[in-house]
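K.L.:
Pasting in a structure now, in C-alpha cells, and then I'll have a few things to ask.
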Amino acid sequence: MKIEGAYDPKLHEEQIYKGWMDSGYFNPDNLPGPRSENYIVYMPLPNVTGSLHMGHTLDNTLQDIVIRYHRMRGYKTLWFPGTDHAGIATQYVVEKQLKKEGINRFELGREKFIERVWEWKKEYGGIILSQLQKLGCSADWSRTRFTMDPDYARDVQDVFVHYFEKGLLYRGFRTVNWCTRCGTSLSELELEYKEEETKLWYIKYSDEIIVATTRPETMLGDTAIAVNPNDERFKKLIGKTVVVPIANREIPIVADEMIDKEFGTGMVKVTPAHDGVDFEIGERNKLPMIQVIDARGRMTSEAGIYEGKKTSEAREEIIRKLEEENKLVKVEPYKHNVAVCYRCNSVIEPIPSAQWFLKMRGFADSAITAVKSGNIKIHPERFEKPYFDWLSNIRDWTVSRQIWWGHRLPVWFCKNSLIEEGKESTEKDNFIVTKEKPHTCPFCKTCDMEQSSDVLDTWFSSALWPFAGMSDEDKKKYYPGNILITARDILNLWVARMIYSGIEFKKEVPFKDVLIHGTIMTKDGKRMSKSLGTGIDPLQYIEQYGADVTRFAVIWQATGQDIRWDETAVIGGKKFLNKIWNAAKFVLSNIQSMIDDSEKIEPVTEVDKKILDGLANLKQSVTADIEIFEFSKALHDIYEFFWHSFCDEYIEVAKIQMQDEKKKETTQKILFYVLKESLIMLHPFVPFITEVLWKEGIGSKTPLIIHQW
RNA sequence: GGGCAAUUAGCUCAGUUGGUUAGAGCGUUGCAUUCACAUUGCAAAGGUCACUGGUUCGAGUCCAGUAUUGCCCACCA
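Letter 332 of the first sequence, counting from 1, is numbered 332 in the working numbering, and no numbers are missing.
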C-alpha cells in the first residue's frame with residue numbers, strides 16, 4: 001500500500017508495459033486457464049513510413065479495448081501487429097533522401113536502391129510500432145509481420161500463381177492511370193481529385209463537327225468522333241468520316257451510349273490512348289490507339305512537330321495553331337476535377353501500357369454475398385451501401401506497378417522473343433508464370449529468361465494480411481479473426497479485398513464484424529493533415545499527460561460520428577485519473593488489511609445497498625455496451641458512477657459510517673470491493689493506472705491484465 | 001449528378017424503442033473546504049433542441065419539405 005502523492009504516468013507507464021511484455025500475456029499461447037475460445041484482431045497495417053497520428057490512436061485504442069476486455073473474459077486473445085511495405089510511399093521517402101545526397105535511383109540502380117530501402121526500413125521502420133507500445137497496445141509483438149518478409153513474400157507469389165493458373169489474372173495492353181513522376185501505373189483507388197480552373201476549348205473539325213475539350217493536345221491522338229446514338233441532331237453523321245485538324249488524319253464518326261447529349265456540343269473527340277472512357281469507347285468500336293504522350297508526360301513522335309514537348313507546351317502551341325486556322329470557335333472558363341497521384345500529388349496522365357489485371361467480378365460477388373448473408377456485419381450498417389456500390393460497379397484491378405520497391409512479379413520473359421516495346425503481347429507466347437526461376441526457356445530453349453521488372457500493387461499483398469506470412473501452425477489456429485476495426489476510407493481499398501481473399505484462400509470470411517469508427521478532425525471540422533499543418537500530434541499528449549489520458553480523451557469523444565477534436569477532453573481525462581488515484585489512496589489507507597472479498601457482502605445501510613446495486617447495474621451495462629461496440633458510452637457511464645456515485649456519495653458517507661463500529665467492517669469491505677471492480681472495468685480503457693493500483697495498491701499477485709472481468 | 005452524415009447550453013458532444021422540470025465534459029458565477037483529491041466539494045446561471053408543415057392525447061425523438069455545413073462516390077470529355 002504505497003499509493004502516495006499524485007499520479008505521475010512517467011513513473012509508471014514504461015515499467016508497467018515492460019511487466020506486461022515480460023509476462024508474455026500478449027501471446028495467447030502463454031495465457032493461463034482453459035480458454036477454449038479465440039478472440040482475434042488483425043491490426044490495420046500502418047505504413048512502415050508512418051508515425052502515430054490521431055487516426056492510429058483512436059483505431060488502436062479501440063482495438064486494445066476489445067482485446068483487453070476479451071482477455072479478461074477468458075478468451076484466447078491474439079492481436080496481430082505488423083507494418084505494410086507501402087510500395088510507392090516508401091520508395092518516395094527514400095527517393096527524397098537520395099535527392100538530398102544529389103543522386104537519383106536510376107544512378108544507383110535497382111538492386112542498390114532496394115538495399116537502401118531495406119536500410120531505411122531497418123532504421124525507421126519500427127517507429128510506428130514502438131509508438132503503439134507507448135499507447136499501451138497489447139498486441140502480440142512476437143508475431144509482428146512485415147509485408148515484405150520472406151515468408152510473406154512467398155505467400156504473395158503463391159497467390160499470384162494461383163490467380164494466374166485459375167485464369168483470373170491476365171496481361172493486357174490498356175490505357176491506365178499513370179503517374180509521370182513516380183513512373184508507374186496506379187489503380188483508381190490510388191487517385192485523388194483536385195479541383196482545377198481550366199478552359200473548355202471548342203474545336204471545329206468540320207462545319208458540322210465541333211467538339212468541346214479540356215485537353216486539346218490529345219487531339220493528335222484522336223481516332224474517332226463519338227455521338228450518342230439517340231441524338232437526332234447527329235444521327236446522319238454516324239458512319240461518315242472527318243479530318244482531324246493539324247494531324248490531318250481521317251477518322252470515323254461513331255455512336256456510343258456513353259456520350260452525354262447535353263454536354264458541350266454533344267459531340268466528343270475520342271482519344272483511346274489518353275482517356276479511360278475513350279479507351280472503352282475504342283474497344284467497343286474497334287478503334288485504333290495512337291499514343292501521343294509518353295510515360296514521362298512528353299509528346300511522342302506520333303505528335304509530329306510537337307515531339308518532345310511537355311503536354312502543357314504542346315497545348316499552347318496547338319491552341320495558337322487552331323486560332324490561326326480559324327478552327328477554334330469558342331473558349332469557356334471551366335472548373336473540373338483532375339486526378340492526381342495520392343502520394344506525390346502529380347497530375348495523372350492516362351497512357352496505354354502493358355499491365356497485369358485481376359478479374360474482379362467473381363471476387364466482388366463473393367464479397368457482396370459475405371455481407372448480404374450476414375456472415376460479416378458492418379457497423380454502423382450505413383456503410384454497407386458504399387461497399388455494395390463499389391463492388392457492384394467494380395472493374396478489373398490493375399495490380400502491376402512500375403516501381404522498384406515491392407513484390408516482384410513471378411513472371412519470366414524469354415529474352416529472345418521480346419516484343420517491341422509498347423506493343424507487348426497479351427498472349428502467353430513469350431512469358432511464363434512460376435515462382436522459381438526456370439532452368440530453360442520453353443520458347444527459345446537457349447536464354448536464361450528475365451524476370452518481369454514490375455512489382456505488385458501494395459494492396460495486393462495487404463489483402464492477404466489475415467493469413468499471409470504466418471507460421472503454418474498460426475495459419476491453422478488463428479484464422480478466422482473476429483473483428484476488424486478501421487476508418488471508413490479503406491473499406492473498399494482494403495477491407496473488401498481481405499474479405500474475398502479470405503474466402504478464396506481460406507474458404508471462410510476473415511472476420512465477423514467490421515467496425516467503422518469516426519474520423520478525427522480539427523475543431524473547425526477540417527481534415528487533420530500533416531502537409532496542411534492541421535494535424536495534432538498524439539505523442540505530445542502521451543508525453544505530457546501519459547497514454548491513459550490520451551486514450552481517455554480519444555474514447556470520450558468517439559461516439560461513432562466524426563470527431564471535432566476537443567482539447568478539453570484531455571483535461572477531463574487528467575482530472576479523472578487524479579480522481580481514480582485519490583479515491584484508491586483513500587480506500588487503501590482506510591482499511592487495515594487486505595480484505596477477502598470472496599464472500600458476499602451484506603449491506604447494512606441504504607447507501608450500502610445503493611452503491612452495490614449501482615455497481616451491479618453498471619457492470620451489466622458496461623459489459624453489454626462493449627459487446628455492441630459502444631465504448632464511449634461505457635466509459636461515460638463508468639466515469640459517472642465512479643466519480644459521483646462512488647466518490648461524491650459513498651465515500652463521503654463511508655467516512656461517517658466507519659466511525660460506527662457496527663457499520664465499519666461492511667463499509668470497508670464495500671469500499672474495497674467497489675474500488676476493485678471499478679479498476680477491472682476501467683482497465684481496458686486506461687490500462688496503466690489501473691494496473692499500477694492493482695499491483696501496488698491492491699497488492700495482487702496476478703496482474704489485472706488477466707484478471708477475470 | 002448521386003449517396004451519406006450533421007444541425008441540441010459559450011465550446012465539443014450524449015439523448016436507446018416518442019411520455020413527467022432536455023443531460024455530460026470543458027468554460028463561467030457564488031459559496032465552502034487544507035478532513036483522499038484546489039486536478040476538490042456544494043450550488044447557480046445558461047437551450048424557442050436549424051427552419052416550415054404534418055402524424056399524435058403528447059415529438060429533440062416519427063413523416064414530408066427547406067436551409068446550412070461536412071464527407072464519399074461518379075466516365076459529363
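Where a beta carbon is used, it is the ideal one built from N, C-alpha and C, also for glycine.
Since the model is a prediction, treat every value here as computed from it, not as a measurement.
Classify residue 235 as helix, strand or coil using the three-state DSSP reduction.
P.N.:
One-based indexing of the first sequence puts residue 235 at position 235. In this structure, residue 235 counts as helix in the three-state DSSP scheme.
K.L.:
DSSP state of residue 527, grouped into three classes?
P.N.:
Numbered from 1 along the first sequence, position 527 holds the residue referred to as residue 527. It is a strand residue.
K.L.:
Go ahead and label residue 608 buried or exposed: buried means 16 or more other beta carbons lie within 10 angstroms of its beta carbon, across all protein chains shown.
P.N.:
Start at 1 with the first residue of the first sequence, and residue 608 comes out as number 608. Per the 10 Å Cβ criterion, buried.
K.L.:
Sorted by chain position, which residues of the same chain lie with C-beta nearer than 8 Å to residue 104's C-beta, five sequence neighbours on each side aside?
P.N.:
The count along the first sequence starts at 1 and reaches residue 104 at position 104. Cβ within range, chain order: 95 and 98.
K.L.:
Assign residue 318 to one of two classes, buried (16 or more other C-beta atoms within 10 Å of its C-beta) or exposed (fewer than that).
P.N.:
Taking the first sequence and counting its residues from 1, one reaches residue 318 at position 318. Flag for residue 318 reads buried.
K.L.:
May I have the straight-line CA-CA distance separating residue 47 from residue 56, to the nearest angstrom?
P.N.:
In the first sequence, the residue the question calls residue 47 occupies position 47. In the first sequence, the residue the question calls residue 56 occupies position 56. Straight-line Cα distance between these residues: approximately 11 Å.
K.L.:
If you drop the 5 nearest sequence neighbours on each side, which residues of the same chain put their C-beta closer than 6 Å to that of residue 702?
P.N.:
Taking the first sequence and counting its residues from 1, one reaches residue 702 at position 702. Here the set comprises nothing.
K.L.:
Contact between the stretch 180-197 and the stretch 394-413 is defined here as three or more beta-carbon pairs at a separation below 8 Å; is this criterion met?
P.N.:
Segments in contact, yes.
K.L.:
With a 10 Å radius around its C-beta and 16 neighbouring C-beta atoms as the bar for buried, classify residue 571 as buried or exposed.
P.N.:
Counting from one through the first sequence, the residue named residue 571 turns up at place 571. That one is exposed.
K.L.:
Residue range of the beta strand (DSSP E) that residue 177 falls in?
P.N.:
The residue labelled residue 177 in the question sits at position 177 within the first sequence. Start and end: 169-179.
K.L.:
Our contact map puts residue 491 next to residue 639 with C-beta atoms below 8 Å; I'd like the distance itself, whole angstroms only.
P.N.:
Against the first sequence, residue 491 aligns to sequence position 491. Against the first sequence, residue 639 aligns to sequence position 639. With 8 Å as the limit, residue 491 and residue 639 do not qualify as a contact, their Cβ atoms being about 31 Å apart.
K.L.:
Could you tell me the distance, in whole angstroms, from the CA atom of residue 221 to the CA atom of residue 200?
P.N.:
Taking the first sequence and counting its residues from 1, the one referred to as residue 221 is at position 221. Taking the first sequence and counting its residues from 1, the one referred to as residue 200 is at position 200. Distance between the alpha carbons of residue 221 and residue 200: 18 Å.
K.L.:
Of all the options 226, 215, 322 and 241, which has the alpha carbon lying nearest to the alpha carbon of residue 274?
P.N.:
Here residue 274 refers to the residue found at position 274 when the first sequence is read from its first residue. The candidate whose alpha carbon is nearest that of residue 274 is 215.
K.L.:
Does DSSP put residue 337 in a helix, a strand or coil?
P.N.:
Along the first sequence, one-based indexing puts residue 337 at 337. Residue state, collapsed to three classes: strand.
K.L.:
Here's a check: name, in chain order, each residue in its chain whose Cβ is nearer than 8 Å to the Cβ of residue 188, leaving out the five neighbours to either side.
P.N.:
Walking along the first sequence from the start, residue 188 turns up at place 188. Correct list, in chain order: 177 and 395.
K.L.:
Check residue 321 in the structure and name its three-state DSSP category.
P.N.:
For the purposes of this step, residue 321 is taken as the residue at position 321 of the first sequence. Helix, per DSSP.
K.L.:
Output the distance between the C-alpha atoms of residue 531 and residue 113, rounded to the nearest integer angstrom.
P.N.:
On the first sequence, residue 531 is found 531 positions in, with the first residue counted as 1. On the first sequence, residue 113 is found 113 positions in, with the first residue counted as 1. Cα to Cα, the separation comes out at about 26 Å.
K.L.:
Could you give the uninterrupted runs of the alpha helix (DSSP H) lying entirely in the stretch 99-127, keeping only those of 4 residues or more?
P.N.:
DSSP runs (the alpha helix (DSSP H)) wholly in the stretch 99-127: 105-108 and 110-124.
K.L.:
When you compare the CB positions of residue 54 and residue 538, do they come within less than 8 Å of one another, or not?
P.N.:
By one-based count along the first sequence, residue 54 stands at place 54. By one-based count along the first sequence, residue 538 stands at place 538. Closer than 8 Å, so yes.
K.L.:
Sorry if obvious, but does the Cβ on residue 137 come closer than 7 Å to a heavy atom of the ligand COA?
P.N.:
No copy of the ligand COA appears in this structure; indeed no ligand is present at all.
K.L.:
Considering only their Cβ atoms, is the gap separating residue 210 from residue 265 smaller than 8 Å?
P.N.:
Against the first sequence, residue 265 aligns to sequence position 265. Against the first sequence, residue 210 aligns to sequence position 210. Cβ distance < 8 Å, so residue 265 and residue 210 count as in contact.
K.L.:
To test your reading of the DSSP string, which unbroken beta strand (DSSP E) runs of 3 or more residues are found completely within the stretch 234-297?
P.N.:
Fully enclosed beta strand (DSSP E) runs of 3 or longer: 241-244, 249-255 and 267-270.
K.L.:
So is residue 525 buried or exposed if we call it buried at 16+ other beta carbons inside 10 Å?
P.N.:
Numbered from its first residue, the first sequence carries residue 525 at position 525. Flag for residue 525 reads exposed.
K.L.:
Just the Cα atoms here: how many angstroms apart are residue 785 and residue 634?
P.N.:
The structure shown does not extend to residue 785, since the chain is modelled only from 1 through 709, so no value can be given for it.
K.L.:
Residue 422 to residue 292, Cα distance in whole Å?
P.N.:
Your numbering for residue 422 matches position 422 in the first sequence. Your numbering for residue 292 matches position 292 in the first sequence. Caution is warranted here: a pLDDT of 45 is assigned to residue 422, below 50, making its placement in the model unreliable, and no coordinate value can be reported.
K.L.:
According to the Cβ coordinates, are residue 325 and residue 245 closer than 8 Å?
P.N.:
Within the first sequence, the letter at position 325 stands for residue 325. Within the first sequence, the letter at position 245 stands for residue 245. The answer is yes: Cβ separation under 8 Å.
K.L.:
Assess, as a yes-or-no matter, whether the stretch 573-589 is touched by the stretch 616-624 under the definition of 3 or more beta carbon pairs within less than 8 Å.
P.N.:
Judged by Cβ distances under 8 Å, the stretch 616-624 makes no contact with the stretch 573-589, as fewer than three pairs qualify.
K.L.:
Report yes if the CB atom of residue 460 is closer than 8 Å to the CB atom of residue 484, and no otherwise.
P.N.:
Mapped onto the first sequence, residue 460 falls at position 460. Mapped onto the first sequence, residue 484 falls at position 484. Cβ distance not < 8 Å, so residue 460 and residue 484 don't count as in contact.
K.L.:
Is residue 482 closer than 8 Å to residue 40 when the C-beta atoms are compared?
P.N.:
For the purposes of this step, residue 40 is identified with residue 40 of the first sequence, where counting begins at 1. For the purposes of this step, residue 482 is identified with residue 482 of the first sequence, where counting begins at 1. Result yes, Cβ atoms of residue 40 and residue 482 sit closer than 8 Å.
K.L.:
DSSP three-state call for residue 28: helix, strand or coil?
P.N.:
Working through the first sequence from its first residue, we reach residue 28 at position 28. Correct three-state label for residue 28: helix.
K.L.:
From residue 527 to residue 416, what distance separates their C-alpha atoms?
P.N.:
Residue mapping note: residue 527 aligns to position 527 of the first sequence, counting from 1. Residue mapping note: residue 416 aligns to position 416 of the first sequence, counting from 1. In a straight line, the C-alpha of residue 527 is about 53 Å away from that of residue 416.
K.L.:
Could you say which of 250, 233, 254 and 284 lies nearest to residue 261 if we only look at CA atoms?
P.N.:
Sequence index remark: in the first sequence, residue 261 carries index 261 (1-based). Per the Cα distances, 233.
K.L.:
So who's on the other strand from residue 451, going by DSSP bridges?
P.N.:
Mapped onto the first sequence, residue 451 falls at position 451. Partner(s): 412.
K.L.:
Excluding the five sequence neighbours on either side, which residues of its own chain have a C-beta within less than 6 Å of the C-beta of residue 226, listed in chain order?
P.N.:
Position 226 of the first sequence, counted from the first residue, corresponds to residue 226. Cβ within range, chain order: 254, 256, 259, 268, 270 and 281.
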